Amino acid sequence: MSATILVIGLMVFFAHFLSLQFSKTNIPDVLVLMLVGIVIGPMLGIVMLEDFGKIGSLIATIALVVILFESGTSLNFGTLSNSLATTGVLTFTCFALTALIVGGVGFAILGLSLLPAVLLGVTLGGTSSAVVIPMVNSLHLSDKPATVLVLESALTDVLCIVGVFAILQVHTQGGIEPGRVIGSVAAALFFAAVIGVLGGIGWLLVLGKIRDFPNTISSTLAYVFIVYGITELLGFSGAIAALALGVTLTNYEKFGLHRIQQLDSKIEPLSEIDRIFYRESVFLLKTFFFVYLGISIQFGAVHLTFAAIAIVLLVYAMRLGLMRALYRDPEYSLRDTAITSMLAPKGLASAVLATLPLQFGVAGGEIIRDMTYMVILVSITLSALLVLAYPSGFAQRFYSRVLSKQTELNGKDE
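Numbering follows numbering that gives the first Met the number 0, in which position 300 of the sequence shown is assigned residue number 299; successive positions increment by one, without gaps.
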């Protein structure tokens, strides 16, 4: 236990150093943190997954909630509404094609039967909020591409969760109602967003009174956890609610509340100190999450490693082709489009969902779990390497050639 405490302290200082290096070298800190987790965990055995007990998965969930909330406070409502159409196309098309590719590899190469193969595909169909959002913030993309990537990562978490539980329903009950699944997805998105917005408005009205109490700088985060928990208990997406709450707190003027004199005098917006505190919370939680993720990775057979590499390469090639086919937006520079094609890493949602097939007695559950962990590692590594390589002349010429249609349209090369 003392070694674990020592590692935690050293990790915070190391993470500050990595953040500084990211801004200078484009080497993503999330990759290095995850590799550190692999070294001190599976390789050297200095820190074991059992040392964290239940607190490990709890920290991972808290990290996801805080990252989504803080990202929501950074989104501009105008850009958000302008990005919804683009987000929808990218989210659902990329999710479906990714699930098809992964499921196909699972069925044809790994020898999984149809249902476990589909389950593997849906588990890995999304992108990771905990990976994408910190990278988007560090890479300084234009407003619209950054917003699209943030929303995609949040929405695909919901699709993965609902999809996996729907397939497990097929496994346990022998059938599924398509209308019920579609309704579950719609409800998870819509009602979660409504809860987040209403919760945000309510918090704006009481925040001024809360500040009269001592030591309340963390009260907003505590409130986010409450909204998240209530939303999940109601059967909707707590992640979407946290994101919507963050958006509401910094875009409340778009709701017209300031025009109501009785309410305008009661509204207390977030201060710069609040924002600094949220950013620092994200930094700390992100550090622990990625080290924990590295410690959690279980290395299976060699053939799973090669299959994971094949899956990731196919998915990223598909995403690059998708960007060429779909994007004709003059707000996207070549750099924005290229980086959007690079950011399809898997993470927290996939890691958690990968443990469910074993619990439900699905044939091939161990393969699904071990393959998911390996794909998470390979996908984050590839995203990091692509981002690192992009500033080179060769990489820019490659993306300029591949994305030539989009480049010719908007006339931008950076």
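We put the CB at the ideal spot given by N, CA and C, even for glycine. Please read all numbers here as calculations on a predicted model, not as lab measurements.
Here Phe51 carries a coil assignment [DSSP, helix/strand/coil].
DSSP assignment within the stretch 106-151 yields the following whole alpha helix (DSSP H) runs of 4 residues or more, N-terminal first: 113-122 and 128-138.
The residue among Ser399, Ala383 and Ala348 with its C-alpha nearest the C-alpha of Phe164 is Ala348. Counting the other Cβ atoms within 10 Å of the Cβ of Gly102 gives 16 or more, which makes it buried.
Looking from the CA of Ile37, the closest CA among Tyr291, Thr72, Pro213 and Ser137 belongs to Tyr291. Per the C-alpha coordinates, the member of Ser270, Leu357 and Ala153 positioned closest to Leu63 is Ala153. Taking a cut-off of 8 Å on C-beta distances, the stretch 25-36 does not touch the stretch 111-125, as fewer than three cross pairs fall below it. Rounded to the nearest whole angstrom, the C-alpha separation of Gly320 and Cys93 is 11 Å.
Burial of Phe68 is indicated by the presence of at least 16 other C-beta atoms within 10 angstroms of its C-beta. Val31: member of the alpha helix (DSSP H) spanning Asp28 to Ile37, first to last residue. If you draw a straight line from the Cα of Val149 to the Cα of Leu333, it comes to about 19 Å.
The three-state reading of DSSP puts Ser391 in coil, since its state is none of H, G, I, E or B.
Of the other Cβ atoms in all chains shown, 16 or more fall within 10 Å of the Cβ of Met341; this residue is therefore buried. For Ala337, the CB contacts under 7 Å within the same chain, skipping 5 residues up- and downstream, are Tyr389, Tyr398 and Leu402 in chain order. Annotation for Val88: Leu325 place their beta carbon closer than 8 Å to its own, counting only its chain and skipping 5 residues before and after.
Rounded to the nearest angstrom, the Cβ distance from Leu220 to Val65 is 7 Å, consistent with a contact under 8 Å. In the DSSP assignment, Ala240 falls within the alpha helix (DSSP H) that extends over Gly237 to Thr249. By the Cβ-count criterion, Arg278 is exposed, with fewer than 16 other Cβ atoms from all chains shown falling within 10 Å of its own Cβ. Rounded to whole angstroms, the separation of the alpha carbons of Asn136 and Val223 is 21 Å.
When C-alpha distances from Gly110 are compared across Leu385, Ile366 and Phe91, the shortest belongs to Ile366. The three-state reading of DSSP puts Thr354 in coil, since its state is none of H, G, I, E or B. If you draw a straight line from the Cα of Ala243 to the Cα of Val193, it is about 8 Å long. If you check the CB distance, Leu357 and Val311 do not come in under 7 Å. A residue is called buried when at least 16 other Cβ atoms come within 10 angstroms of its Cβ; Phe305 does not meet this threshold and is exposed.
Taken through DSSP and simplified to helix, strand or coil, Tyr222 comes out as helix.
Residue nearest to Leu248 within the set Leu284, Leu74 and Ile4 is Leu74 (criterion: CA-CA distance).
Leu17 and Leu113 have their C-alpha atoms some 43 Å from each other. Within the model, the alpha-carbon separation for Leu355 versus Gly71 is close to 29 Å. Note that the C-beta distance between Gly207 and Glu267 is below 7 Å. The three-state reading of DSSP puts Asp211 in coil, since its state is none of H, G, I, E or B.
For the stretch 264-333, the full-length alpha helix (DSSP H) segments reaching 4 residues or more read 271-295 and 301-325 along the chain. Within the same chain, Leu140, Ser141 and Pro144 come within 7 Å of Asp335 by CB-CB distance, once the 5 residues on both sides are set aside.
Excluding its 5 nearest sequence neighbours in each direction, Ile58 has C-beta neighbours in its own chain below 6 Å: Phe287, listed in chain order. Only residues of its own chain outside the window of five on either side were considered, and among them Ala243 and Thr247 have a CB closer than 7 Å to the CB of Val196, listed in chain order. Restricting attention to Thr60, Ala307, Arg210 and Ala238, the CA atom closest to the CA of Ser270 is found in Arg210.
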